[in-house]
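Peer 1: The following block contains the structure, expressed as structure tokens.
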Amino acid sequence: MAKLPESIGKYKVEALIAQGGMGAVYKAIHPTLNRPVIIKKLTLRGRKDITERFKREARILMNFRHEGVVNMYDHFKLGLSYYLVLEFVDGAALDSIIKKQRYLDNGVVAYILYHAAQSLHYAHEKKVVHRDIKPANLLLSKKGEIKLVDFGIAVSDEDSEEGLTRDGMTLGTPSYMAPEQFSNTKNVDLRADVYSLGVLVYEMLTGKKPFPGGFSPELVVKIQKGKYPNPGKFNPHIHPVLKHFIRKSMKPKLDRRYRNLIPVIKELEHFLKGYDKAELSSIVADLAAGKEPAKPVYRRQGRFFLKIIVPVVVGIIMSLIGSFCYFTGYYNEIFHSKSFGAIVFSAKIPGATQPWNKVFINAEIFQDDDNLIPEVWNKKIIFRKIQSDVEEGIYIFRSFPVFLPKGAYRAKVEIEDELHWHSFIVLPEGIQKFDPFISNAMVVSSGRKTETSSPLSFKIEVSDILTGNDIKNETEISISRNGIWVELTDFENLLTGKVYKFRLQHENYQSKIFSLRIKDDQNILRIKAGLVPHPGS
Numbered sequence: 109m110a111k112l113p114e115s116i117g118k119y120k121v122e123a124l125i126a127q128g129g130m131g132a133v134y135k136a137i138h139p140t141l142n143r144p145v146i147i148k149k150l151t152l153r154g155r156k157d158i159t160e161r162f163k164r165e166a167r168i169l170m171n172f173r174h175e176g177v178v179n180m181y182d183h184f185k186l187g188l189s190y191y192l193v194l195e196f197v198d199g200a201a202l203d204s205i206i207k208k209q210r211y212l213d214n215g216v217v218a219y220i221l222y223h224a225a226q227s228l229h230y231a232h233e234k235k236v237v238h239r240d241i242k243p244a245n246l247l248l249s250k251k252g253e254i255k256l257v258d259f260g261i262a263v264s265d266e267d268s269e270e271g272l273t274r275d276g277m278t279l280g281t282p283s284y285m286a287p288e289q290f291s292n293t294k295n296v297d298l299r300a301d302v303y304s305l306g307v308l309v310y311e312m313l314t315g316k317k318p319f320p321g322g323f324s325p326e327l328v329v330k331i332q333k334g335k336y337p338n339p340g341k342f343n344p345h346i347h348p349v350l351k352h353f354i355r356k357s358m359k360p361k362l363d364r365r366y367r368n369l370i371p372v373i374k375e376l377e378h379f380l381k382g383y384d385k386a387e388l389s390s391i392v393a394d395l396a397a398g399k400e401p402a403k404p405v406y407r408r409q410g411r412f413f414l415k416i417i418v419p420v421v422v423g424i425i426m427s428l429i430g431s432f433c434y435f436t437g438y439y440n441e442i443f444h445s446k447s448f449g450a451i452v453f454s455a456k457i458p459g460a461t462q463p464w465n466k467v468f469i470n471a472e473i474f475q476d477d478d479n480l481i482p483e484v485w486n487k488k489i490i491f492r493k494i495q496s497d498v499e500e501g502i503y504i505f506r507s508f509p510v511f512l513p514k515g516a517y518r519a520k521v522e523i524e525d526e527l528h529w530h531s532f533i534v535l536p537e538g539i540q541k542f543d544p545f546i547s548n549a550m551v552v553s554s555g556r557k558t559e560t561s562s563p564l565s566f567k568i569e570v571s572d573i574l575t576g577n578d579i580k581n582e583t584e585i586s587i588s589r590n591g592i593w594v595e596l597t598d599f600e601n602l603l604t605g606k607v608y609k610f611r612l613q614h615e616n617y618q619s620k621i622f623s624l625r626i627k628d629d630q631n632i633l634r635i636k637a638g639l640v641p642h643p644g645s
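Per the numbering used here, numbering of the sequence shown is gapless, rising by one per residue and ending at 645.
Following this line, the structure appears as structure tokens:
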């Protein structure tokens with residue numbers, strides 16, 4: 109057995125996880141984040157196709173940013189070997205869990221399928237086909253997360269298969285491969301992943317593969333004919349939603365399968381409304397930790413409950429309308445037009461890859477007071493989607509009018525991993541439009557929490573709050589360090605998960621201080637500060 113290296117590059121090696129003829133997998137420690145990582149090693153020995161696939165996996169993961177896909181931190185060559193540094197998932201692979209549990213409950217299967225489908229849909233939107241979906245490539249963490257791994261034989265529209273896949277070559281794991289993969293591995297599309305996902309669900313529900321055995325002519329014929337045992341034979345309690353998914357996803361003919369995973373995700377969202385998501389996540393965590401899981405409870409909403417609601421629906425609607433008019437402040441437009449003004453905010457998010465209703469956007473308004481910045485009571489900014497272009501990945505949100513007494517304010521807007529601060533004034537001149545929030549955030553699904561600090565990118569713009577003229581070059585921008593103000597440079601090393609104070613000073617304007625708490629998952633900070641001129645300036 110080879111001696112365990114003390115380190116690989118800058119990473120301190122802790123353990124050897126697996127080893128084979130072409131490489132090894134190690135557990136190591138990241139030198140600056142002080143957190144465990146996985147290092148995949150590939151030793152170069154004349155196999156150009158293997159080397160190119162290893163580098164392709166790195167290119168694919170470098171462009172991915174999704175909570176359901178394992179993160180890649182680094183990729184480098186050292187000596188005669190290539191290395192990938194990946195996120196360490198503390199838990200277990202789905203195949204070992206199935207082996208121990210035999211089969212899983214409907215709710216747990218639907219929950220795992222839902223997250224796996226979201227991750228795969230994200231990859232498909234990036235024009236990447238995984239081609240090796242199986243239980244061993246889904247990891248369940250002790251935090252209740254579900255991660256898709258191993259894009260080693262994935263194919264992307266941006267990469268050519270020339271020289272990597274020859275006629276007659278078969279890539280994948282036979283029991284999970286779609287019929288077309290055996291004859292057309294080179295040109296399969298996302299429906300091959302959909303098929304494999306159906307096989308995976310079959311195995312989760314029954315503990316058996318629909319087509320067991322190694323690669324053989326007999327296995328290929330069975331898969332191409334689509335004849336497999338009814339899963340109800342092994343588990344009579346499979347929910348119809350999951351039975352339907354297995355039947356449709358495992359159709360041997362391409363045109364009869366799901367064309368993409370969007371309808372699957374929507375159907376599972378509806379089905380999972382009957383479960384407590386926190387309970388399902390806890391069960392996944394127990395499975396990953398090797399504990400015996402509890403049985404999730406499916407909560408049906410009976411007709412009696414609906415009968416109770418119907419008589420009061422009209423009253424509730426009327427109350428909501430009245431509350432909306434009061435709390436949004438529309439009555440101020442009529443009764444206090446001389447002392448109140450209204451402002452409308454817009455947020456444009458290019459580069460979005462998830463459905464618009466998955467976008468995390470939260471906004472609040474504060475009075476502009478450097479010494480004490482209380483939130484204006486009940487003045488949340490409520491956004492609604494007014495435009496989306498799925499092909500271009502552009503979403504535009506616009507707020508309902510926010511009615512405020514005339515004066516100076518600040519708006520705090522969180523868009524995914526970005527934090528925006530903007531200064532503005534409200535005048536009693538009708539409804540003003542304010543379109544400052546243009547975000548480059550990569551939109552991901554929910555579950556935005558991280559546990560460690562990471563580099564914070566920042567941009568500060570300074571203007572005259574009345575005219576909008578740029579005055580940044582004449583403004584002194586400082587940051588507080590242990591109570592002492594020092595000049596802020598563009599190369600300042602800031603981290604997330606900290607509290608920072610910024611001061612803006614100009615001889616002709618009133619100084620302004622921003623005291624901000626940056627969350628762990630907010631990697632981008634943008635401040636657009638409007639300074640108020642001194643009287644007579």
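Every residue gets a Cβ at the ideal spot worked out from N, C-alpha and C, and that includes glycine.
Could you tell me which of 566, 265, 531 sits nearest to residue 619, measuring between CA atoms?
Peer 2: In the sequence shown, the residue the question calls residue 619 occupies position 511. Residue 619 has its Cα closest to that of 531, out of 566, 265, 531.
Peer 1: Cα-Cα, which of 384, 209, 121, 449 is closest to residue 407?
Peer 2: As a position in the sequence shown, residue 407 is number 299, starting the count at 1. Of 384, 209, 121, 449, the residue nearest in Cα terms is 384.
Peer 1: Assuming residue 300 is part of the alpha helix (DSSP H), what are its boundary residues?
Peer 2: Taking the sequence shown and counting its residues from 1, the one referred to as residue 300 is at position 192. Its alpha helix (DSSP H) spans residues 299 to 314.
Peer 1: In angstroms with no decimal places, state the Cα-to-Cα distance between residue 160 and residue 527.
Peer 2: Counted from its first residue, the sequence shown places residue 160 at position 52. Counted from its first residue, the sequence shown places residue 527 at position 419. Going by the C-alpha atoms only, they are around 39 Å apart.
Peer 1: Quick one: is residue 625 buried, meaning 16 or more other Cβ sit within 10 Å of its Cβ, or exposed?
Peer 2: To locate residue 625, count along the sequence shown from 1; it is residue 517. Residue 625 comes out exposed.
Peer 1: I'd like the span of the beta strand (DSSP E) that includes residue 317, first residue to last.
Peer 2: The sequence position of residue 317 within the sequence shown is 209, counting from 1. Note, residue 317: premise wrong, no beta strand (DSSP E); not H, not E.
Peer 1: Are the CB atoms of residue 529 and residue 635 nearer to each other than 8 Å?
Peer 2: What you label residue 529 is simply residue 421 of the sequence shown in a count that begins at 1. What you label residue 635 is simply residue 527 of the sequence shown in a count that begins at 1. Taking 8 Å as the Cβ cut-off, residue 529 and residue 635 qualify as a contacting pair.
Peer 1: Whose C-beta lies closer than 6 Å to the C-beta of residue 640 among residues of the same chain, with five residues either side of it excluded?
Peer 2: Here the question's residue 640 lines up with position 532 in the sequence shown. If we look at residue 640 and ignore the five residues flanking it on each side, its Cβ neighbours are 573, 618.
Peer 1: Which residues does DSSP list as the beta-bridge partners of residue 90?
Peer 2: Because the chain spans 109 through 645 in this model, residue 90 falls outside it and cannot be assessed.
Peer 1: Any beta carbon of chain D sitting closer than 8 Å to that of residue 562?
Peer 2: No chain D is present in this structure, which holds just one protein chain.
Peer 1: What three-state label does DSSP hand residue 470 in the structure shown?
Peer 2: By 1-based counting over the sequence shown, the position of residue 470 is 362. Strand.
Peer 1: Residue 389 to residue 397, Cα distance in whole Å?
Peer 2: The residue labelled residue 389 in the question sits at position 281 within the sequence shown. The residue labelled residue 397 in the question sits at position 289 within the sequence shown. For residue 389 and residue 397, the distance between alpha carbons rounds to 12 Å.
Peer 1: Where residue 122 and residue 194 are concerned, what is the direct C-alpha to C-alpha distance, given to the nearest angstrom?
Peer 2: In the sequence shown, residue 122 corresponds to position 14, counting from 1. In the sequence shown, residue 194 corresponds to position 86, counting from 1. Taking the straight line from one Cα to the other gives about 15 Å.
Peer 1: Secondary structure at residue 284, three-state DSSP: helix, strand or coil?
Peer 2: As a working note, residue 284 is residue 176 in the sequence shown. Helix at residue 284.
Peer 1: Output needed for residue 336: all residues of its chain with C-beta closer than 8 Å, excluding positions within five of it in sequence on either side, in chain order.
Peer 2: As a working note, residue 336 is residue 228 in the sequence shown. The answer, listed in chain order, is 310, 318, 319, 330, 358.
Peer 1: With a threshold of 6 Å on Cβ separation, who are the neighbours of residue 328 within its own chain once the five nearest residues in sequence on each side are excluded?
Peer 2: In the sequence shown, counting from the first residue as 1, residue 328 sits at position 220. Closer than 6 Å at the Cβ level, and outside the excluded window around residue 328, lie 290.
Peer 1: How many angstroms separate the CA atom of residue 513 from the CA atom of residue 519?
Peer 2: Walking along the sequence shown from the start, residue 513 turns up at place 405. Walking along the sequence shown from the start, residue 519 turns up at place 411. The alpha-carbon atoms of residue 513 and residue 519 are separated by roughly 15 Å.
Peer 1: Thinking C-beta only, is residue 138 closer than 8 Å to residue 181?
Peer 2: Walking along the sequence shown from the start, residue 181 turns up at place 73. Walking along the sequence shown from the start, residue 138 turns up at place 30. Yes.
Peer 1: Looking only at its chain, what residues have a beta carbon closer than 6 Å to the beta carbon of residue 516, apart from the 5 residues adjacent to it on each side?
Peer 2: The residue given as residue 516 occupies position 408 in the sequence shown. Closer than 6 Å at the Cβ level, and outside the excluded window around residue 516, lie 476, 533.
Peer 1: Residue 364: which of 568, 356, 374 sits nearest, CA to CA?
Peer 2: One-based indexing of the sequence shown puts residue 364 at position 256. The candidate whose alpha carbon is nearest that of residue 364 is 356.
Peer 1: How would you call residue 127, buried or exposed, if buried means at least 16 neighbouring beta carbons within 10 angstroms?
Peer 2: Sequence index remark: in the sequence shown, residue 127 carries index 19 (1-based). Looking at its Cβ environment, which holds fewer than 16 other Cβ atoms inside 10 Å, residue 127 is exposed.
Peer 1: Note down the Cα distance separating residue 207 from residue 471, rounded to an integer number of angstroms.
Peer 2: If you number the sequence shown from 1, residue 207 lands on position 99. If you number the sequence shown from 1, residue 471 lands on position 363. C-alpha separation (whole angstroms): 47 Å.
Peer 1: Have a look at residue 164 and residue 562 and give me their C-alpha separation to the nearest angstrom.
Peer 2: By one-based count along the sequence shown, residue 164 stands at place 56. By one-based count along the sequence shown, residue 562 stands at place 454. Using only the alpha carbons, I get a separation of about 26 Å.
Peer 1: Which residue wins for smallest C-alpha separation from residue 254, given the options 298, 197, 209, 301?
Peer 2: Within the sequence shown, numbered from 1, the residue matching residue 254 stands at position 146. The shortest Cα separation from residue 254 among 298, 197, 209, 301 belongs to 197.
Peer 1: Using the C-alpha atoms, what's the distance from residue 521 back to residue 549?
Peer 2: Stepping through the sequence shown from its first residue, residue 549 is reached at position 441. Stepping through the sequence shown from its first residue, residue 521 is reached at position 413. Residue confidence for residue 549 is low, a pLDDT of 44 falling below 50, so the modelled location carries little weight; the figure read from the coordinates is stated next. Straight-line Cα distance between these residues: approximately 13 Å.
Peer 1: Span of the beta strand (DSSP E) holding residue 131?
Peer 2: If you number the sequence shown from 1, residue 131 lands on position 23. Looking at the DSSP string, the run of the beta strand (DSSP E) that includes residue 131 is 131 to 137.
Peer 1: For residue 586 and residue 605, what's the separation of their Cα atoms in angstroms?
Peer 2: Here residue 586 corresponds to residue number 478 of the sequence shown, with the count starting at 1. Here residue 605 corresponds to residue number 497 of the sequence shown, with the count starting at 1. The alpha-carbon atoms of residue 586 and residue 605 are separated by roughly 20 Å.
Peer 1: Note the first and the last residue of the continuous alpha helix (DSSP H) segment covering residue 595.
Peer 2: Along the sequence shown, one-based indexing puts residue 595 at 487. Taken as a continuous stretch (DSSP letters only), residue 595 belongs to no alpha helix (DSSP H), being part of the beta strand (DSSP E) at 592 to 595.
Peer 1: Going by alpha carbons, who is nearest to residue 212 out of 262, 241, 427, 403?
Peer 2: Numbered from 1 along the sequence shown, position 104 holds the residue referred to as residue 212. Nearest of 262, 241, 427, 403 to residue 212, Cα basis: 403.
Peer 1: Tell me where the beta strand (DSSP E) around residue 183 begins and ends.
Peer 2: Along the sequence shown, one-based indexing puts residue 183 at 75. Segment 180 to 186, the beta strand (DSSP E) holding residue 183.
Peer 1: Apply the 10 Å Cβ neighbour rule to residue 275 and answer buried if 16 or more other Cβ atoms are within range, or exposed otherwise.
Peer 2: Working through the sequence shown from its first residue, we reach residue 275 at position 167. A caution first: residue 275 carries a pLDDT of 46, below 50, which makes its placement in the model unreliable, though a value can still be read off. Residue 275 is exposed by the Cβ-count criterion.
Peer 1: If you count every other CB in all the chains shown that lies within 10 Å of the CB of residue 339, and 16 or more means buried, which is it?
Peer 2: In the sequence shown, counting from the first residue as 1, residue 339 sits at position 231. Buried, since its Cβ has 16 or more Cβ neighbours within 10 Å.
Peer 1: Compare the beta carbon distance of residue 450 and residue 505 with 8 Å and say whether it is the shorter of the two.
Peer 2: One-based indexing of the sequence shown puts residue 450 at position 342. One-based indexing of the sequence shown puts residue 505 at position 397. No.
Peer 1: Does DSSP put residue 116 in a helix, a strand or coil?
Peer 2: Looking up residue 116 in the sequence shown gives position 8. DSSP places residue 116 in strand when its eight states are reduced to three.
Peer 1: Suppose only complete runs of 4+ residues qualify. What are the alpha helix (DSSP H) ranges in the segment 214 to 275, listed by chain order?
Peer 2: Segments of the alpha helix (DSSP H) lying fully in the segment 214 to 275: 214 to 233.
Peer 1: Short of 7 Å in beta carbon distance, which residues of its chain neighbour residue 670, apart from the five on each side in sequence? Order them along the chain.
Peer 2: Outside the shown range of the chain (109 to 645) lies residue 670, about which nothing can therefore be said.
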